[in-house]
Amino acid sequence: MILEKKKTFNAFAARQGLRSTRQRDVILDVFLATHEHLSVEELYLKVKASQPGIGQATVYRTLKLFVEAGLAREMMLPDGQTRYEHQLVGEHHDHLICTGCNAIIEFEDEQIEQLQRDIAKRHGFSLTAHKMQLYGLCPTCLRATA
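In case it helps, this note's numbering puts the sequence shown at residues 14 to 159.
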């Protein structure tokens, strides 16, 4: 799967007339090696640990390219922080987001997906994409408020 995502990005870069760079390759490797929802700063710190010469602006610009290439998705959290996760066309999941601690839980539910398709069809709507983010308190934050 990682190799497929690298090929997807390289093909995107070639279509955009971007030359291949070692810095982008390193950032992509670090990004794909994590399964977290990362902020630019968090990804930068991970990249910097192995390649201190790569700057935060380079990480930011490269993440934007990953989004354009369809390899990453941006998520805005309730605290205003933007986080990124990797994806590929056809991959899909939804999120539960804790408004207390910003924890993110990924889930898949075929019944919800089917319901969304049924609603779209009922309204004569052709779905091209969607995202669902449910906000509330995780069990830990819920216990803290009790």
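Glycine included, every Cβ here is placed at the ideal spot set by N, Cα and C.
In this text, all values refer to a predicted model and were calculated from it rather than measured experimentally.
Beyond the five residues adjoining it in sequence on each side, residue 79 comes within less than 6 Å, by CB distance, of 85 in the same chain, given in chain order. Secondary structure at residue 138: coil, using DSSP grouped into helix, strand and coil. Boundaries of the beta strand (DSSP E) around residue 85: 85–89.
If you check the CB distance, residue 108 and residue 129 do not come in under 8 Å. For residue 111, the number of other beta carbons within 10 angstroms of its own is at least 16, and it is reported as buried.
Across the set 50, 123, 64, the C-alpha of 50 shows the shortest separation from the C-alpha of residue 87. Residue 140 sits exposed, since fewer than 16 C-beta atoms from the chains shown fall within 10 Å of its C-beta. Contact annotation: the segment 45–63 touches the segment 89–101, with at least three C-beta pairs closer than 8 Å.
Taking 8 Å as the cut-off, the beta carbon of residue 45 is found closer than this to the beta carbon of residue 18. Residue 152 and residue 92 have their alpha carbons spaced roughly 19 Å apart. Under DSSP, residue 96 forms a beta bridge with 88.
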